[in-house]
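Heads up, the thing below is written out as structure tokens.
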Ligand SMILES: Nc1ncnc2c1ncn2[C@@H]1O[C@H](COP(=O)(O)OP(=O)(O)O)[C@@H](O)[C@H]1O
Ligand SMILES: [Mg+2]
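Residue numbers (this note's numbering): 752 to 890.
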């Protein structure tokens, strides 16, 4: 997916399949920010992506745990949900930077506070549409 490109995803399955299609496009060490309101499809996209990298188990929203590491066939994927995080410091104190540096891929929901710290990261915006979702790559 190119910067500026937009796609319409008309079902949960399409959302997952889009996530899966990203797997091959994201080089090792990629940081991926997902932005969009509750229910915009961030976790669904993440599920498709992590499954495509070769993880068989359940991928859930780490809202309470804040972060979760998934061992995939291609390396560890870090999934962060910063919704309940008040200050970026909270996550940095949990060794976020080292975990991200070692990960095959780091996916952050509600990671706005970290955008400036990771200038090379991908940023996808997800929006509700009638009967689906729209995804736009902002960077
Ligand atoms: N493209 C889509 N079309 C229709 N429903 C979707 C789509 N993507 C996700 N959903 C549904 O929207 C709900 C919320 O998705 P979720 O990924 O949990 O959102 P978020 O993580 O952004 O809060 C889920 O029930 C999911 O199945
Ligand atoms: Mg979520």
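Every residue gets a Cβ at the ideal spot worked out from N, C-alpha and C, and that includes glycine.
Buried or exposed (CB count within 10 angstroms, at least 16 for buried), residue 801: As a first step, residue 801 is located in the chain shown; it is residue number 50 there, counting from the start. So residue 801 counts as buried.
Buried/exposed call for residue 832, threshold 16 Cβ in 10 Å: Counting from one through the chain shown, the residue named residue 832 turns up at place 81. Looking at its Cβ environment, which holds 16 or more other Cβ atoms inside 10 Å, residue 832 is buried.
Proximal residues to residue 881 (C-beta, below 6 Å), its chain only, five neighbours per side dropped: Here residue 881 is taken as the residue at index 130 of the chain shown, counted from 1. Taken in chain order, the list of residues that qualify is empty.
Within 5 Å of ligand 2: residues by beta-carbon to any heavy atom: Selection output, chain order preserved: 793, 794 and 812.
Span separating the alpha-carbon of residue 811 from that of residue 765: Start at 1 with the first residue of the chain shown, and residue 811 comes out as number 60. Start at 1 with the first residue of the chain shown, and residue 765 comes out as number 14. Cα to Cα, the separation comes out at about 18 Å.
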